[in-house]
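Report on the following structure.
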Amino acid sequence: MEALKIHIPDNEQYRELGAYIESVRNMPGPLINVLHKAQGIFGYLPMEVQAFISRELDIPLSTVYGVVTFYNFFSMTPRGKYVINVCMGTACYVKGAGKVVDYFKDELKVGEGETTEDNLFTLTTARCFGACGLAPVLMVNEDVYGHVDRKKVTEILKKYRSLG
Amino acid sequence: MSLITKYVLISIDEDTLIAGARKVETELKRILEELDLSREIMVVETGTMGIMGKGVVILIQPDDVTYVNVTPEDVREIANEHLLKGRPVKRLEFTGKIDQSVISFRETAQELKKQTRVVLGNSGLINPESIDEYIAVNGYEALGKALTEHKPEEIIDIVKKSGLRGRGGAGFPTGLKWSFTAPLKNKPKYLVCNADEGEPGTFKDRLIMEGDPHKLLEGMAIAAYAIGAEKGFIYIRGEYTLSINRTQKAIEDARKYGLLGQDIFGSGFSFDVEIKKGAGAYVCGEETALINSLEGGRGNPRVKPPFPGVQGLWQQPTVVNNVETLSNVPAIILNGADWYKSIGTEKSSGTKVYTILGHVHNPGLIEVEMGTTLRDIIYKYAGGVKGGKFKCALVGGAAGAFLNEEMLDVRMDYDHLGEYKAVLGSGAILVMNEESCIVDMLRNILFFFKHESCGKCSPCRIGTAQLYMLADKIYSGQGTDEDLDQMLTLSEAMSTTALCALGQSPYLVIHTADKFFKDEIEEHIRRKVCMKDICRMNGAEHK
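These protein sequence lines are chains E and G, in that order.
Per my numbering, residue 1 is the first one in the first sequence, and the count goes up by one each step.
Per my numbering, residue 1 is the first one in the second sequence, and the count goes up by one each step.
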């Protein structure tokens with residue numbers, strides 16, 4: 001069977017990833033570290049990037065794909081500029097996290113895991129963040145918001161929209 | 001001679017950072033400078049004080065006054081009134097029960113030993129980013145004692161005698177676990193610290209690492225010496241940024257002081273630690289799944305035997321211990337097995353760190369003796385139930401059990417809970433008031449298991465999906481009596497056939513929900529009503 005042909009572009013992003021791979025090549029079990037780095041550079045992990053990692057680390061593409069799809073952290077689709085991650089852990093849930101998700105669905109007109117048309121927001125949910133004292137909690141990229149209610153949802157969206 | 005007359009301890013953890021702790025700290029330092037108090041009053045960053053959801057928390061010592069919800073605007077008032085004139089600002093004072101782990105400076109070290117603060121003893125008291133402060137409170141003394149006065153076998157003996165059991169959930173005797181790996185000749189051996197805390201409602205390990213990372217490292221070094229490992233890994237959840245940063249700094253500082261690395265204390269024993277970031281999978285908290293993930297692959301559990309103690313990371317002997325377990329070790333070595341055994345109950349010695357959440361007045365982190373009743377934890381330490389009467393508590397996270405009012409006086413330790421087929425688990429206690437609906441909670445938990453099932457074994461992959469589907473049927477008003485029966489039978493079958501704890505766990509929540517709240521579930525099935533008006537009985541929304 002003919003091998004899968006995937007064109008891998010040669011640009012600054014790939015060179016940066018290549019240099020990182022060089023630096024961890026001798027470390028045992030580097031794949032997850034490389035994927036963390038790659039997602040940091042590209043924002044997500046398209047097939048080309050996975051093929052590049054597979055080639056550079058000499059790990060079968062099927063294995064790379066298997067790992068990418070296993071972990072919640074890795075994404076194969078481009079994400080919005082701001083990823084809204086609502087905690088659905090038990091503590092948040094009992095304090096109304098389900099409603100918070102509904103508010104966002106309402107306001108953004110997207111479902112879970114989807115990105116708005118202007119590529120500004122992606123709505124996702126996660127298991128427990130371990131910040132249960134602030135339940136219900138959500139994260140927008142690295143920023144954490146606690147005690148979220150309808151009013152706060154509107155404020156949060158307004159804030160990031162104004163940042164553009 | 002020190003000129004310091006007062007200490008202002010400001011809690012820096014993820015909760016308080018969100019609430020603006022840095023701004024308060026900056027403002028505090030600026031005003032102290034302005035009032036010319038900066039040489040007399042020292043501002044100290046510490047880890048958590050166990051008060052959650054109450055904004056920025058500061059503690060003034062030796063006055064022993066705690067302020068909560070402090071904003072930069074309040075700082076001047078605190079400085080003028082309290083620090084300058086000695087009159088505490090009543091309006092900001094915290095009046096709830098303060099967790100036992102918050103130590104008053106007035107207590108002597110001798111008294112502390114009698115208390116029940118083993119793991120969180122330093123948390124909220126020392127600066128977690130300063131190795132010197134840790135050393136000043138007898139830090140690394142236990143490691144020195146272990147390496148210079150004891151043989152590895154003796155360490156294992158002490159830990160065995162102390163009765164320390166794994167704090168990650170299963171409660172396996174720690175000394176016994178070590179004793180399987182210690183005699184093996186194949187090198188290298190590994191020590192792995194499981195910090196992939198993912199049980200919903202649990203964040204004790206995060207706060208231990210944020211509050212006192214050196215204690216964990218010291219515990220790891222002692223454990224490694226006991227089993228003969230030269231390399232350790234800490235597998236931390238990727239989301240725990242502050243834990244990762246503080247632990248990383250602790251590792252670097254310990255290396256500089258020669259407390260990690262080659263030939264520690266001139267004993268010939270070498271040990272180093274590396275942090276590995278998780279990528280978001282609940283199942284990786286299972287030790288063999290965690291090992292697969294450490295190797296860079298999918299986090300699927302392995303078939304046991306061989307146990308990791310014999311063939312673990314890269315097929316080498318590997319001991320996997322939880323953060324809280326390892327953080328107990330230095331105190332045991334320092335104070336002896338008998339001291340540790342004197343705390344807690346006969347078969348469950350020591351303390352337990354709980355995260356208490358949900359409908360309580362003071363959610364947070366507490367460390368109490370094993371055997372403390374659920375009633376004491378909820379009413380004495382967490383300030384009682386908020387927004388209505390107590391309905392039930394989910395103890396042990398999603399993999400735990402529902403306990404109702406009859407169970408409030410059960411003693412919380414491995415054996416007493418075991419009698420009721422409940423578990424201590426990760427130490428998460430989620431309190432629900434009477435406004436909550438059990439069917440809704442059950443459906444949420446079962447969705448979680450379905451979502452997190454890794455798919456390797458059929459009982460779990462198919463079972464968790466079926467269980468969620470059945471719970472969703474009941475939730476949406478389509479359920480029948482047979483559905484509930486099927487949930488009970490299926491989850492029981494899973495509990496004996498699934499490869500790892502994930503697939504074995506749903507049985508407990510389903511079983512206890514059925515045992516204590518059968519009427520409420522049947523109401524949903526037979527009368528098609530949710531008395532709390534939470535479930536979507538018209539069958540509308542399906543997740």
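Glycine included, C-beta positions come from ideal geometry on N, C-alpha and C.
Given the structure is predicted, the values throughout are model-derived calculations rather than measurements.
query: Quick one: which chain E residues come within Cβ less than 7 angstroms of residue 280 of chain G?; result: 71, 72, 73
query: For the beta strand (DSSP E) that residue 517 of chain G lies in, which residues bound it at each end?; result: Not the beta strand (DSSP E): residue 517 of chain G falls in the alpha helix (DSSP H), residues 506-522.
query: To which residues of the same chain is residue 357 of chain G closer than 6 angstroms at the C-beta, ignoring the five residues directly before and after it?; result: 201, 363, 430
query: Report the neighbours of residue 144 of chain E on chain G: residues whose CB is nearer than 8 angstroms to its CB, in chain order.; result: 14, 18
query: Determine the direct distance from the alpha carbon of residue 436 of chain G to that of residue 528 of chain G, and round the result to whole angstroms.; result: 17 angstroms
query: Secondary structure at residue 1 of chain E, three-state DSSP: helix, strand or coil?; result: Confidence in residue 1 of chain E is poor, its pLDDT being 45 and thus under 50, which makes the residue's placement unreliable; the coordinate value appears in the next sentence. Coil, per DSSP.
query: Please report the Cβ distance between residue 174 of chain G and residue 317 of chain G, rounded to the nearest whole angstrom; I am assuming they are in contact, meaning their Cβ atoms lie under 8 angstroms.; result: Contact doesn't hold; Cβ gap of about 16 angstroms is too wide.
query: With three or more beta-carbon pairs closer than 8 angstroms as the criterion, would you say the segment 185-199 of chain G touches the segment 152-159 of chain G?; result: no
query: Please go through the same chain and pick out, in chain order, the residues whose beta-carbon is closer than 6 angstroms to the beta-carbon of residue 413 of chain G, but skip the five residues on each side of it.; result: 345, 348, 370, 371
query: I'd like the list of long-range same chain contacts for residue 497 of chain G, defined as Cβ closer than 6 angstroms, with 5 residues on each side in sequence excluded.; result: 459
query: Check the Cβ-Cβ distances between residue 545 of chain G and every residue of chain E, and say whether any is below 8 angstroms.; result: Given a span of 1 to 543 for chain G in the structure shown, any question on residue 545 of chain G remains unanswerable.
query: Could you tell me which residues DSSP puts in a beta bridge with residue 38 of chain G?; result: Beta-bridge pairing links residue 38 of chain G to no other residue.
query: For residue 80 of chain E and residue 120 of chain E, which I take to be in contact (beta-carbon distance under 8 angstroms), what is that distance rounded to the nearest angstrom?; result: 5 angstroms
query: Quick one: residues in its chain with C-beta nearer than 6 angstroms to the C-beta of residue 354 of chain G, no 5 flanking neighbours on either side, listed in chain order?; result: 366, 427, 429
query: Which residue's Cα is closest to the Cα of residue 232 of chain E: E:126, E:62, E:105?; result: With chain E running from 1 to 164 in the structure shown, residue 232 of chain E is simply not present.
query: Buried or exposed: where does residue 331 of chain G fall if 16 or more other Cβ atoms within 10 Å of its Cβ makes it buried?; result: buried
query: Using the beta-carbon count (16 or more within 10 Å), is residue 147 of chain E buried or exposed?; result: exposed
query: Quick check: the segment 103-116 of chain E against the segment 144-163 of chain E, are at least 3 beta-carbon pairs closer than 8 angstroms?; result: yes
query: For residue 288 of chain G, which of G:324, G:88, G:265, G:313 has the nearest alpha-carbon?; result: G:313
query: May I ask which residues mark the beginning and end of the beta strand (DSSP E) holding residue 534 of chain G?; result: From DSSP, residue 534 of chain G is part of no beta strand (DSSP E); its letter is neither H nor E.
query: Beta-carbon of residue 32 of chain E versus every beta-carbon of chain G: anything under 8 angstroms?; result: yes
query: Using 8 angstroms as the limit for Cβ to Cβ distance, is residue 28 of chain E near chain G?; result: yes
query: Do residue 397 of chain G and residue 199 of chain G have their C-beta atoms within less than 8 angstroms of each other?; result: yes
query: Please name the residue, chosen from G:512, G:502, G:462, that lies closest to residue 484 of chain G on a Cα-to-Cα basis.; result: G:512
query: Please work out which residues of its chain come closer than 7 angstroms, Cβ to Cβ, to residue 138 of chain E, disregarding the five sequence neighbours upstream and downstream, and give them in chain order.; result: 84, 85, 86, 87, 100, 145, 148
query: If the criterion is Cβ atoms closer than 8 angstroms, does the pair residue 119 of chain G and residue 329 of chain G meet it?; result: no
query: So, residue 9 of chain G versus residue 41 of chain G, is the Cβ gap smaller than 8 angstroms?; result: no
query: Would you kindly work out how many angstroms separate the C-alpha atoms of residue 230 of chain G and residue 271 of chain G, rounded to a whole number?; result: 4 angstroms
query: Name the chain E residues that come within less than 8 angstroms of residue 206 of chain G, Cβ to Cβ?; result: 130
query: With a threshold of 6 angstroms on Cβ separation, who are the neighbours of residue 509 of chain G within its own chain once the five nearest residues in sequence on each side are excluded?; result: 445
query: Please tell me whether residue 236 of chain G and residue 275 of chain G are closer than 8 angstroms, where the distance is taken between their beta carbons.; result: yes
query: So residue 93 of chain E contacts chain G; which residues on that side make the cut at Cβ distance below 7 angstroms?; result: 444
query: Closest to residue 299 of chain G by C-alpha separation, out of E:24, E:63, E:152, would be which residue?; result: E:63
query: Exposed or buried, residue 136 of chain E, counting other C-beta atoms within 10 Å across all chains shown (16 or more means buried)?; result: buried
query: For residue 122 of chain G, count neighbouring C-beta atoms within 10 Å of its own C-beta (all shown protein chains included) and say buried if the count is 16 or more, exposed if not.; result: buried
query: Closest to residue 323 of chain G by CA distance: which of G:261, G:15, G:215 is it?; result: G:215
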